[in-house]
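Right, one structure below, let's go through it.
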Amino acid sequence: MNRLFLKIFLWFWATVIALGIALVLSFVLAPKSSYIPWQSMRGIAANVFDELDRHGPAGANDLLARLAQNRQLEACLFDEHGNPIAGDHCTSFQPTVQKALQSPTQPDEVNSSVYRTLLRQRSRDGKEYLLATQLPFGPGPVHKTLLGFVLHWLLILLISSAICYLLTFRLTLPILRLREASRQIADGNLSARVGSGVERRSDAFGDLGRDFNTMAARIEGLLSSQRQLISDVSHEVRSPLARMNLALDLARRRLGDDPAFDRLAADLEKLNDLIGKLLTVARLESGAATVARDSVDLARLVAEIAGDAEIEARERRCSIVCECAGEFRVLGSENLLRSAIENVIRNAVYYTRPDTQIRVTLSSRSESATTIHVLVVRDHGPGVPETDTENIFKPFYRVAEARDRQSGGAGLGLAIASRVVQLHHGKISAANCEGSGLEVLIELPAA
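For the sequence shown, our numbering begins at 405 and goes up steadily by one.
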């Protein structure tokens, strides 16, 4: 944490230093005469009069020329009658000098661009002389135009914004990488990690990135072990189930038909179906299942599944209305898609109320220059709580707290459907209908 504090401190310090440099440049661009205190004008005048006493008007003229070149100081030396004896451009000072000769208390003149002052002094020969000076007043030459002013401050803003951008980018990049990795893990990509650029950092962000990768690897290992355990157990149970079915057939041959044998056969069939679904979920979540790129007639597939489910629907005193005429083709595995759609439709048949209809519709819509086929299965059952519309697609999740068979299946049918749809780059969702019932939407990209 100390390293992170030091980095933040140094970056902000660099920003302040850059602003300081910009301010210094502002003063450098201003004329040097702007830094001359007005009180020092008397010292300059004393030097001019001293030079006049020692070398005459020629010496004073040379000194004034040097001051004009080095400090942008315009000055002119006049005698007691107002005649110029040293300096250049003395004509501009004539009105000021004449006023000063008439009024000994003539004040200095200041306007928006110049500062003028008039100093009197007697030389060693007793004569009175007047030194008229003029200094630029205000910003330097770069600021004399609006364009120069704008360019000057744009340079300051550019320097400071560039440094602040680098600071922000440097500080937020690891956070963005962590967020992206966490989103991928939340979407099911357990192999996602933050990049090596974050791991190589020697500050708190680097520590956080390394801890995040360790945590992700641990979670991936635990879930992989869990899936492998489910798969192994399911495979191990398959053999005893096969032997039990064989023993049941032998018992029927020896003892004849018995209602107990029928109940046992039904239980074994349910257990075998459950194990088959467990293996399917384990295969889909492990990534072992491969999706074929066959062209599947979705309308025909849905119609066949709805027709097969109609027999079970009649037994439960309900019916299925299928509206799926048209051309609806997708790329994928027909067997996997059949399993997903069949689970959704049979789930609707199981939960819908007697004497109601299950409506199965197939339509298309355009989305970002692509066509999406939308399958909607709507029942008239009790629906699910709003908080569970996403949870019902998780393995073994059941809305009812009771674990008896009357409250539903094992909670694997919709989980399988969700995994299959994701493998086909689609989306599946559920929503409660107005009044009663549940509507399940399956969205698949068109072929």
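Virtual Cβ for every residue (Gly too), placed ideally from N, Cα, C. Here the structure is a predicted model, which means the values were calculated and not measured.
Closer than 7 Å by C-beta to residue i: which residues in its own chain qualify, once you throw out the five before and the five after it? Chain order, please.
{"i": "R809", "result": "The predicted position of R809 is uncertain, since its pLDDT is 46 and thus under 50; a value taken from the coordinates is nonetheless stated next. So the list is empty, once near-sequence residues are dropped."}
{"i": "L423", "result": "S564"}
{"i": "T756", "result": "C722, I762, D783, H784, G785"}
{"i": "L627", "result": "L594"}
{"i": "S643", "result": "none"}
{"i": "F797", "result": "L818, A819, S822, I832"}
{"i": "M648", "result": "L672"}
Here's a check: name, in chain order, each residue in its chain whose Cβ is nearer than 8 Å to the Cβ of residue i, leaving out the five neighbours to either side.
{"i": "D492", "result": "L468, A469, A472, E478, C480"}
{"i": "A806", "result": "Its pLDDT being 37, under 50, A806 is placed unreliably in this model, and the coordinates cannot settle the point."}
{"i": "R528", "result": "D457"}
{"i": "L652", "result": "F665, L668, A669, L672"}
{"i": "S770", "result": "I776"}
{"i": "F800", "result": "A814, G815, L816, A819"}
{"i": "A426", "result": "L559, I560, I563, S564"}
{"i": "D759", "result": "R721, C722"}
{"i": "K681", "result": "A814, L816, G817, I820"}
{"i": "D698", "result": "L735, G736, S737, E738"}
Return helix, strand or coil for residue i, following the three-state DSSP convention.
{"i": "R757", "result": "coil"}
{"i": "V764", "result": "strand"}
{"i": "E731", "result": "coil"}
{"i": "Q532", "result": "Looking at the sequence shown, residue 532 is not Gln but Glu. Correct three-state label for E532: strand."}
{"i": "S770", "result": "strand"}
{"i": "S723", "result": "strand"}
{"i": "T775", "result": "strand"}
{"i": "V803", "result": "coil"}
{"i": "R597", "result": "coil"}
{"i": "T684", "result": "helix"}
{"i": "V788", "result": "coil"}
{"i": "T793", "result": "coil"}
{"i": "P545", "result": "At P545 the pLDDT is 49, less than 50, meaning the model places this residue with poor confidence and gives no usable figure here."}
Output the boundary residues of the beta strand (DSSP E) element that contains residue i.
{"i": "E847", "result": "842–849"}
{"i": "G491", "result": "488–491"}
{"i": "S833", "result": "831–836"}
Within 10 Å of its beta-carbon, does residue i have 16 or more other beta-carbons around it, so buried, or fewer, so exposed?
{"i": "H828", "result": "buried"}
{"i": "S517", "result": "Caution applies to S517, whose pLDDT of 49 falls short of 50 and renders its modelled position unreliable; the value that the coordinates give is listed next. Exposed: under 16 other Cβ atoms inside 10 Å."}
{"i": "S496", "result": "exposed"}
{"i": "R605", "result": "buried"}
{"i": "K531", "result": "exposed"}
{"i": "N739", "result": "exposed"}
{"i": "A566", "result": "exposed"}
{"i": "T576", "result": "exposed"}
{"i": "C837", "result": "exposed"}
{"i": "T791", "result": "exposed"}
{"i": "G601", "result": "exposed"}
{"i": "L848", "result": "buried"}
{"i": "H485", "result": "exposed"}
{"i": "P578", "result": "buried"}
{"i": "H784", "result": "buried"}
{"i": "E637", "result": "Position check: residue 637 holds Val in this sequence, whereas Glu was assumed. By the neighbour-count rule (16 or more Cβ atoms within 10 Å), V637 is not buried but exposed."}
The alpha helix (DSSP H) that contains residue i, what's its start and end?
{"i": "S699", "result": "Per DSSP, S699 belongs to no alpha helix (DSSP H); it is in the beta strand (DSSP E), 698–701."}
{"i": "A821", "result": "817–827"}
{"i": "L481", "result": "Here L481 belongs to no alpha helix (DSSP H); instead the beta strand (DSSP E) covers 478–482."}
{"i": "S737", "result": "No alpha helix (DSSP H) holds S737; DSSP gives it neither H nor E."}
{"i": "G601", "result": "600–603"}
{"i": "A504", "result": "498–506"}
Between residue i and chain D, is the shortest Cβ-Cβ distance under 9 Å, so that the two count as touching?
{"i": "P786", "result": "Of the protein chains in this structure there is only one, and it is not chain D."}
Please go through the same chain and pick out, in chain order, the residues whose beta-carbon is closer than 6 Å to the beta-carbon of residue i, but skip the five residues on each side of it.
{"i": "E714", "result": "I724"}
{"i": "V844", "result": "V748, V781, A834"}
{"i": "R763", "result": "V725, R782"}
{"i": "N751", "result": "G817"}
{"i": "S768", "result": "T775, H777"}
{"i": "L570", "result": "none"}
{"i": "I489", "result": "P461, L481, D483"}
{"i": "L779", "result": "L766, I846"}
{"i": "N465", "result": "A490"}
Meets three-Cβ-pair contact criterion under 8 Å: the region 813–828 and the region 742–761:
yes
With three or more C-beta pairs closer than 8 Å as the rule, is the region 442–462 touching the region 587–598?
no
Validate contact between the region 659–675 and the region 704–719 using beta carbons, cut 8 Å, 3 pairs:
no
Does the pairing of the region 572–586 with the region 600–620 give three or more beta-carbon distances under 8 Å?
yes
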